[in-house]
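The structure appears right after this line, and notes come after that.
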Amino acid sequence: ADGYYEYMMVECVYSTSDYSDMVLLVSYSFNKIVDLQYNSTVGKYVGITEDGVRQAERLNKNQADLQQQKASVDTICRHNAQNNDVAVRDKA
């Protein structure tokens, strides 16, 4: 009954068929409170809570991780959106 709840949600958000406005959002929650988020438009982690601010400061120092997150717009978001569109939207 007692315990902690930690959750990470990855979202790829876009509204154009050429994916030119694709944005990667990665939200980190602890006990149902979002405390940290990566936004590919901003290009860095943003802390929302006091703990999230500390985490963001630490994570934003890792340039390799920031580059990998930014690349995920293409390797994860666009790749999956294209596959989904071929399988679903383009058949409508």
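So the sequence shown is numbered by UniProt numbering: it starts at 1 and just counts up by one.
Every residue, glycine too, gets a C-beta built ideally from N, C-alpha and C.
Keep in mind the model is a prediction, meaning the values are calculated, not measured.
Residue 26 sits close to residue 10, with the two beta carbons spaced by under 7 Å. With 16 or more other Cβ atoms inside 10 Å of its own Cβ, residue 35 counts as buried.
Counting the other Cβ atoms within 10 Å of the Cβ of residue 37 gives 16 or more, which makes it buried. If you draw a straight line from the Cα of residue 32 to the Cα of residue 7, it comes to about 8 Å.
A straight-line Cα-Cα distance of about 11 Å links residue 68 and residue 76.
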